[in-house]
Amino acid sequence: MKKSKKKERKWLHRFFRRSEEKFTNVDLQDANIFKKLFCAIASNIKTILVLLCVFVVGCTLVMYLSTLERRTVVLSLNYEQASKGQNPNLTRYNVYELKSDAVAEKAIAYAGLQDVLTPTELEEHIDIAENNSGKVIDPLDENTYYISTSYTITYRRNKEIKNISTEDMMELICKAYNDVFHEEYVGTNSVLKYDLGDIDDKEYIEIARLFTDKSAQMLRYIEQRIEENATYRSELTGQSFQTIRRMILNVQSYSIKKFYAFALESGLSRNKDHYVRTLNYHNDMLNIKYQKFMIDYNVRKQTVQNYDSAMIGTVMVPSVNERNEYYMSRTNIGTDYLTRDADFSLTQGSAVERDMIENNDILAKVSASTAVEEDYKKAEELIDSVDAELKNVANVADTTDKDYIKHTTKDYLTFTEYDNSDGRMFIMQSVIGLTIVFFVILCFLYYMVDGYIRRKEGDLNE
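Per my numbering: the sequence shown = residues 48 to 509.
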């Protein structure tokens, strides 16, 4: 019995010192609660301080490790339409698209986690808040509409991801959103989205013209880019707009012309009778247009000739220039307008006449055609060849153009590291608050233990 009491005392002395052992000259029997509490704390102040230090270190370590499990960046919109809540193409901006399946799938693909993570699982670990108020945006609440140009994006680590850090995963999410944003809303142009379409019902000459039209559209677009930046070279394709222009011209001047010349000289047609009737009808329509333009031209020409030569001259009127100086300005008279209209009608009539000559040439070649199966087979091969060339050029042009747009609009979206000074202050305040609470609990426990031991020893003495 005595041994067990000695063991108990040793155990208590190791973690707790009774207030009577230190304050031997103080009568604690009739002392008030505050005096007893003070004596219990003062008797064990070293142990309490040690426990407080251990608690502070442990609490700080836990909170610090929790911050490693999340990454926060600030998304800034730096284009003119952002202040109106719009994308660069004037559609409504929705920051919640950062959590869309398209962005999540692209981020997962960048990380090589297709077999590890689903888009939904990744989206659940992304939080978006309006940067000024810090209020979390609810995409399902249609009554709230934010026009903001800055958002706080937070990613919380997925437990399924083992080999990629939280920081790297956050960067991949930002890259995926930036790519999707540029693809959907910045500088998309359908001219470079080459698609020949269904040509089964088209005649060979019409297919050649279709090749010419589509390549001409691409050429006009690329020439506009050359005017903007003639020296730009894409890092992705290694091509400049100048080289792409030469590629298109090569297809036009060699491959397309070769196919057109072969189809024309061979008089190829998928349905000869129907095509001949179509060409004749087209000729009739062209002839009507030609007659109309020529009538307009002759009427205006005759009207000008009927004017008295004395009436046809230059009319000068006094005018004032930007420096407030007088000069004599020439004005148009009726014959000037008639002459201009006559020139227009003659130009249009000449263009229609050229179309008629070409159409008659095609009609003659098709009507006299003796094409054999080998000719048609070669024509199909040429179509496939030209189509493949244009697809390749269009793909290079589209990739180069997208890279150019990213280059010129790279600051539309910026992702900067979140200034976590407020977060660090919050951690410090939390640790201080928890330490105070822990200290109060320790004081109460030591007071309770001190009273318990005093009561127990009092019972034993009785």
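Every residue, glycine too, gets a C-beta built ideally from N, C-alpha and C.
Residue i in three-state terms, based on DSSP
i	result
M118	Per the sequence shown, residue 118 should be read as Arg rather than Met. R118: strand per DSSP, three-state reduction.
Q161	coil
G139	Rather than Gly, the amino acid found at residue 139 in this sequence is Arg. If DSSP states are grouped into helix, strand and coil, R139 belongs with the strands.
I92	helix
T201	strand
Q286	coil
S123	strand
I184	The predicted model places I184 with a pLDDT of 49, which falls under 50 and marks its position as unreliable; any figure quoted below should be read in that light. Here I184 sits in coil by DSSP.
R292	helix
R280	strand
Enclosing alpha helix (DSSP H) for residue i [first to last residue]
i	result
A176	Careful: A176 lies outside any alpha helix (DSSP H), inside the beta strand (DSSP E) at I173 to E177.
N439	E420 to T455
R267	Y251 to E275
N345	K319 to N353
K222	T213 to Y232
S316	Segment: none, S316 is in no alpha helix (DSSP H) and carries neither H nor E.
L169	P166 to E170
Endpoints, the beta strand (DSSP E) within which residue i is located
i	result
T463	L460 to E464
Counted within 10 angstroms of its Cβ, other Cβ atoms place residue i as buried (16 or more) or exposed
i	result
L145	buried
Y198	buried
M294	buried
Q349	exposed
K384	The sequence given here places Tyr at residue 384; Lys does not occur at that position. Exposed, since its Cβ has fewer than 16 Cβ neighbours within 10 Å.
F491	exposed
S477	exposed
V433	buried
R139	exposed
V183	Only weak support is given to the placement of V183: the predicted model assigns it a pLDDT of 46, under 50, and the value that follows is read from those uncertain coordinates. By the neighbour-count rule (16 or more Cβ atoms within 10 Å), V183 is not buried but exposed.
E270	exposed
Near the ligand ADP: residue i beta-carbon under 8 Å from a heavy atom
i	result
F491	You won't find the ligand ADP in this model; it holds no ligand whatsoever.
Worksheet item: Would the segment 161 to 176 and the segment 194 to 203 be scored as touching if the rule is three or more Cβ pairs under 8 Å?
Response: yes
Discussion item. Does the structure place the segment 393 to 402 close enough to the segment 283 to 300 that three or more beta carbon pairs sit under 8 Å?
Written reply: no
Discussion item. Under 8 Å: do the segment 122 to 136 and the segment 154 to 170 share three or more Cβ pairs, one atom per stretch?
Written reply: no
Worksheet item: So does the segment 204 to 224 actually touch the segment 268 to 284, counting three or more Cβ pairs closer than 8 Å?
Response: no
Discussion item. Check whether the segment 90 to 108 and the segment 410 to 429 are in contact - that is, three or more C-beta pairs closer than 8 Å.
Written reply: no
Fill in: Stretch pair the segment 308 to 316 + the segment 402 to 416: three plus CB contacts closer than 8 Å
yes
Worksheet item: Using 8 Å as the threshold, is the segment 434 to 448 in touch with the segment 278 to 291, meaning 3 or more CB pairs across them?
Response: yes
Discussion item. Which complete alpha helix (DSSP H) runs does the segment 385 to 421 hold, if anything under 4 residues is left out?
Written reply: none
Worksheet entry | Sufficient close CB pairs (3 or more, under 8 Å) joining the segment 451 to 463 to the segment 225 to 245 | yes
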